[in-house]
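**Q** First to last, the protein sequences are chains A and B.
The first sequence runs 1 to 440 under the numbering used here.
The second sequence runs 1 to 440 under the numbering used here.
Structure provided below as structure tokens; questions to follow.
Protein chains: 2
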Amino acid sequence: MTYFEAITQKISDKAVKIGVIGLGYVGLPLAVTFARNGIEVLGFEKSEKKAEAVNAAQNYISDVSGSDLLKVVNETKKLIATTDFSRIKECDAVIICVPTPLDKFKKPDMSYIENSCIDIGKNMKAGTFISLESTTYPTTTENFMKPIIERESGLQEGGDFWLCFSPERVDPGNKDYKTDNTPKVVGALGEEAKQIASALYSLAIQHLHIVSSPRIAEMVKILENTYRLINISLINELALLSGKMDIDIWEVIEAAKTKPYGFQAFYPGPGIGGHCIPLDPFYLEYIAKNYNFDLSMIHTAGAINDLMPYRMMNKIAFALNRYKKAMNGSTVLFLGVAYKPDIDDARESPALLVMEQVAKKGAKVLYHDPYIAEVTDEQGTRYTGSELTDELIAKADCVVFATNHSCFDAKRITEKACLVVDMRNVVKSVAIEDGKVFKL
Amino acid sequence: MTYFEAITQKISDKAVKIGVIGLGYVGLPLAVTFARNGIEVLGFEKSEKKAEAVNAAQNYISDVSGSDLLKVVNETKKLIATTDFSRIKECDAVIICVPTPLDKFKKPDMSYIENSCIDIGKNMKAGTFISLESTTYPTTTENFMKPIIERESGLQEGGDFWLCFSPERVDPGNKDYKTDNTPKVVGALGEEAKQIASALYSLAIQHLHIVSSPRIAEMVKILENTYRLINISLINELALLSGKMDIDIWEVIEAAKTKPYGFQAFYPGPGIGGHCIPLDPFYLEYIAKNYNFDLSMIHTAGAINDLMPYRMMNKIAFALNRYKKAMNGSTVLFLGVAYKPDIDDARESPALLVMEQVAKKGAKVLYHDPYIAEVTDEQGTRYTGSELTDELIAKADCVVFATNHSCFDAKRITEKACLVVDMRNVVKSVAIEDGKVFKL
């Protein structure tokens with residue numbers, strides 16, 4: 001029996017054992033989804049704390065159902081987490097779900113993928129199928145992963161192991177689309193890999209879209225998020241101009257949305273956040289340099305985005321200025337620090353960048369976020385959230401809506417506040433005192 | 001009875017007489033739509049030829065139904081066209097549907113709107129409602145139109161006449177959305193104007209979206225088309241990079257489209273065409289200068305678009321080069337010169353710009369377009385379309401798909417051709433000889 005026949009048989013018997021490297025917001029939902037479908041999953045995690053939490057069925061990812069986790073850990077025992085990467089040898093397939101951050105120079109930090117490939121190469125058995133889900137620049141699977149795994153394992157891609165890229169499409173907080181019902185793009189290297197990938201992911205995912213190569217799949221994910229970056233940057237730029245022209249950009253967007261074809265609405269804000277849109281386009285910008293190619297749209301969009309927190313800091317300063325107050329010495333209360341509404345994640349949140357700038361200019365910065373008890377900004381300054389009392393609102397020289405959590409009571413807050421800067425159109429339906437609310 | 005009461009009464013009695021200035025691809029469908037709904041319409045047109053055609057019920061706009069035109073001209077006699085602008089005094093409401101081109105320096109040519117305002121101001125009676133549908137920069141209605149009409153008429157906006165901006169949303173060739181069932185954004189100046197606009201347009205349009213001012217409505221149209229410009233430019237830039245990286249951008253787009261939220265597909269091509277997307281964003285860029293504001297996204301997107309015809313010329317040159325042929329002396333056959341599929345309009349078509357460049361480099365340029373018998377490029381060179389015979393295809397050194405008309409038989413053309421440059425993914429489903437087809 002060839003390696004190919006062996007793994008194919010195991011998948012068809014649902015006897016395949018899958019390793020998932022990285023039990024974060026991508027890996028844990030994926031591991032649970034396979035386990036729920038009766039597949040044995042070994043979750044590899046460098047953090048002992050996380051591995052222990054999983055094994056105690058303690059959920060730490062809001063998109064994972066706690067009861068699902070309980071079931072696959074305690075009841076069916078299909079999911080086990082481990083910090084012992086030598087156990088990769090037990091797995092027939094390994095799926096990598098590690099971060100690919102950017103460093104301070106917007107260069108992709110490939111160390112997580114690299115280390116995963118080394119762990120796999122050192123420990124895997126021949127005949128293993130390996131899939132990468134982490135967003136990265138096109139050609140990573142073929143030109144970056146493959147040589148590392150071949151070097152570490154002494155095995156040959158194609159005959160001894162197979163490679164695949166299948167981008168995660170996790171949208172934190174999305175109520176409709178979860179891991180299992182979000183169509184999944186799969187790009188494997190070679191015909192055998194394509195067949196294995198298709199059979200394997202079909203065990204847990206409802207709709208697969210098979211493309212002809214890993215680099216196509218790598219580009220797909222970047223296109224999706226570059227589309228978002230440039231459209232958010234465009235609307236931010238138009239919002240800034242609209243402010244000067246006495247045009248309410250939010251009203252413009254609502255009206256444009258009535259066009260029944262050829263338009264998709266994006267909304268302005270203090271910048272972009274999360275773990276995809278601020279990063280993914282810059283992987284492509286990085287690899288494009290290798291082809292002497294300047295991605296001017298990404299570059300321009302990135303520049304607009306980078307400036308937004310400063311523009312927002314200015315907006316707060318000039319709102320205070322209207323009341324003859326300086327930023328220095330004023331108290332500024334931020335409402336919402338999550339990077340998007342109704343989630344508990346402040347990673348890459350533009351609110352933090354605005355807070356940092358406002359604090360630098362001498363303001364006393366407070367924040368309230370019902371989902372986030374404390375945050376640390378990029379400079380390491382730690383903030384503890386405040387309770388949203390009437391006193392707190394009233395005593396702030398300026399209240400800033402930085403995230404539009406749906407639980408915010410815009411009417412109450414606007415009434416109690418002496419000055420509001422609204423970066424998210426939270427105050428839209430409230431009759432507002434002229435000059436009291438400054439909208440983006 | 002006040003002017004306001006008078007016009008309101010006439011609208012409610014369907015006894016209002018509407019003047020439509022400009023009987024082009026916006027004005028004629030609008031005039032016919034009102035007339036179909038039993039409203040008397042006087043169509044004003046500088047071109048005697050067009051006015052005569054309308055009065056003879058000879059249709060020249062493909063989005064207008066010939067039988068509708070016949071009915072409102074010959075049967076109900078609700079639509080009459082005239083070149084006599086003094087008859088504006090017969091109208092209770094006047095709707096301006098004239099072009100707003102850009103000059104060679106991408107400065108808006110406001111002369112059509114200006115002349116319409118002069119014609120209206122000189123001829124209208126007091127109590128006239130005036131609406132502009134031509135795309136233009138925000139503040140045009142208030143700051144450009146109003147003073148001209150007041151000066152020419154001696155009347156006062158608000159009391160003696162009313163102003164409104166309601167952008168046309170005509171999408172030539174769209175089978176689902178026509179003038180009457182495309183939601184219409186309406187921004188009038190003042191409360192009375194808002195009420196009149198709403199009542200008047202409701203006579204013929206199914207869904208109105210009323211916004212608070214003309215400048216909001218002006219910005220809406222620009223946002224819609226700027227969105228398209230920047231997304232087409234992005235995908236063109238990514239297509240050029242993808243070519244260098246051996247990535248089929250068309251396959252990438254098809255895969256990205258499987259994302260069920262947060263993505264809208266745009267396709268690459270030799271540039272953008274038509275009478276909206278290449279123009280509208282630059283009205284905004286023009287007025288933004290007045291606010292010392294640089295619209296970097298529009299600027300960057302415009303630059304990519306401007307370069308596309310040259311890139312496409314290069315693509316053709318290097319495809320020929322593969323067969324050791326120089327552009328100079330080669331015969332290049334363009335298939336499709338319309339700016340989008342299945343329409344008969346070559347205005348601002350990028351195909352023409354590519355043809356111009358290819359001809360400049362010494363190639364013999366031929367074209368075939370089933371919908372367009374002859375075209376003239378920006379330099380005034382006139383081309384007559386050829387019949388698409390097997391001989392014509394075979395004798396061309398290079399066949400270029402410049403527009404993806406759905407009637408093109410990609411298989412036949414690719415088989416007969418010795419070399420194909422495909423800028424529109426026409427050849428996608430055909431088994432292609434390696435090296436014979438060069439895709440964008």
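Glycine included, every Cβ here is placed at the ideal spot set by N, Cα and C.
Just so it is clear, the structure is predicted and the values come from calculations on it, not from any experiment.
Measure how close the beta-carbons of Leu30(B) and Thr179(B) come, nearest whole angstrom, since I'm counting them as under 8 Å.
**A** Contact flag correct, Cβ pair sits at about 6 Å.
**Q** Please report whether the beta-carbon of Leu241(A) lies at a distance below 8 Å from any beta-carbon of chain B.
**A** yes
**Q** Nearest by alpha-carbon distance to Tyr310(B): which of Ala351(B), Asn290(B) and Glu168(B) is it?
**A** Ala351(B)
**Q** For Cys164(B) and Ser202(B), what's the separation of their Cα atoms in angstroms?
**A** Answer to the nearest angstrom: the Cα atoms are 14 Å apart.
**Q** Rounded to whole angstroms, what's the CA-CA distance from Asp344(A) to His299(A)? Just pull it up for me.
**A** Within the model, the alpha-carbon separation for Asp344(A) versus His299(A) is close to 29 Å.
**Q** Which of the three DSSP states, helix, strand or coil, is assigned to Lys17(A)?
**A** strand
**Q** Please state whether DSSP places Phe334(B) in a helix, a strand or coil.
**A** strand
**Q** Classify Ala373(B): buried if its beta carbon has 16 or more other beta carbons within 10 angstroms, exposed otherwise.
**A** exposed
**Q** May I ask you to list the residues that DSSP assigns as paired with Phe318(A)?
**A** Answer is none; Phe318(A) lacks a bridge partner.
**Q** May I have the straight-line CA-CA distance separating Leu320(A) from Gly274(A), to the nearest angstrom?
**A** 29 Å
**Q** Compare the Cα-Cα distances from Ile113(A) to each of Val337(A), Ala394(A) and Thr136(A) and report the closest residue.
**A** Thr136(A)
**Q** Distance cutoff 8 Å, beta carbons only. Does Lys259(A) sit that close to anything in chain B?
**A** yes
**Q** Quick check for students: name the residue ranges of the beta strand (DSSP E) that lie wholly in the segment 335-404 of chain A, counting only runs of 3 or more.
**A** 364-368, 374-376, 382-384 and 398-401
**Q** Is there at least one Cβ from chain A nearer than 8 Å to Glu224(B)'s Cβ?
**A** yes
**Q** Quick check: the segment 283-299 of chain A against the segment 330-346 of chain A, are at least 3 beta-carbon pairs closer than 8 Å?
**A** The segment 330-346 of chain A makes no contact with the segment 283-299 of chain A: fewer than 3 CB pairs, one atom from each, lie closer than 8 Å.
**Q** Grab me the residues of Arg322(B)'s own chain with a C-beta within less than 7 Å of its C-beta, minus the 5 sequence neighbours each way, in chain order.
**A** Hits under 7 Å: Gly435.
**Q** DSSP puts Trp162(B) in a beta bridge; with which residues?
**A** The partner list for Trp162(B) (beta bridge, DSSP) reads Phe129(B).
**Q** Do Pro214(A) and Thr141(A) have their CB atoms nearer than 8 Å?
**A** yes
**Q** Pairs of beta-carbons, one from the segment 88-105 of chain A and one from the segment 57-73 of chain A, closer than 8 Å: are there three or more?
**A** no
**Q** Taking the runs of the alpha helix (DSSP H) that are 4 residues or longer, which of them lie wholly in the segment 232-311 of chain B?
**A** 249-256 and 280-289
**Q** Is Ala317(A) near Met327(A), with beta carbons less than 8 Å apart?
**A** yes
**Q** With a 10 Å radius around its C-beta and 16 neighbouring C-beta atoms as the bar for buried, classify Gln357(B) as buried or exposed.
**A** So Gln357(B) ends up on the buried side.
**Q** Could you tell me the boundaries of the beta strand (DSSP E) in which Ile95(A) lies?
**A** Judged by DSSP secondary structure, Ile95(A) falls within the beta strand (DSSP E) whose first and last residues are Ala93 to Ile96.
**Q** Would you mind sorting Gly22(A) into buried or exposed? The rule is 16 or more other CB atoms within 10 Å of its CB.
**A** buried
**Q** Spatial neighbours of Glu348(A) within its chain, please: C-beta separation below 7 Å, excluding the five flanking residues on both sides.
**A** Gly273, Gly274, His275, Pro278 and Tyr339
**Q** Am I right that Phe483(A) and Glu224(B) are in contact with their C-beta atoms under 8 Å? What's the rounded C-beta distance?
**A** Any answer about residue 483(A) is impossible in this case: the structure gives chain A only from 1 up to 440.
**Q** Have a look at Ala197(A) and Asp160(A) and give me their C-alpha separation to the nearest angstrom.
**A** Going from the Cα of Ala197(A) to the Cα of Asp160(A) covers about 15 Å.
**Q** How far does the beta strand (DSSP E) with Gly43(B) in it extend, from its first residue to its last?
**A** Glu40 to Phe44
**Q** Beta carbon of Lys71(A), beta carbon of Ile39(A): below 8 Å?
**A** Contact flag unset, no.
**Q** What distance in whole Å lies between the Cβ atoms of Asp390(B) and Lys411(B), which are believed to be in contact at a cut-off of 8 Å?
**A** Here Lys411(B) is actually not in contact with Asp390(B); their C-beta atoms are around 13 Å apart, not less than 8 Å.
**Q** Check whether the Cβ of Gln206(B) lies closer than 8 Å to any Cβ atom in chain A.
**A** no
**Q** Hey, is Gln379(B)'s beta-carbon within less than 8 Å of any beta-carbon in chain A?
**A** no
**Q** Taking the Cβ atom as the reference point for each residue, do Pro268(A) and Leu440(A) lie within a distance shorter than 8 Å?
**A** yes
**Q** Tell me Asp422(B)'s beta-bridge partners as DSSP assigns them.
**A** Phe401(B) and Lys439(B)
**Q** Does the distance from the CB of Gly173(A) to the CB of Asp342(A) come in under 8 Å?
**A** yes
**Q** Pull out every residue of the segment 119-138 of chain A whose Cβ sits closer than 7 Å to any Cβ of chain B, in chain order.
**A** Per Cβ criterion, the list reads Pro138.
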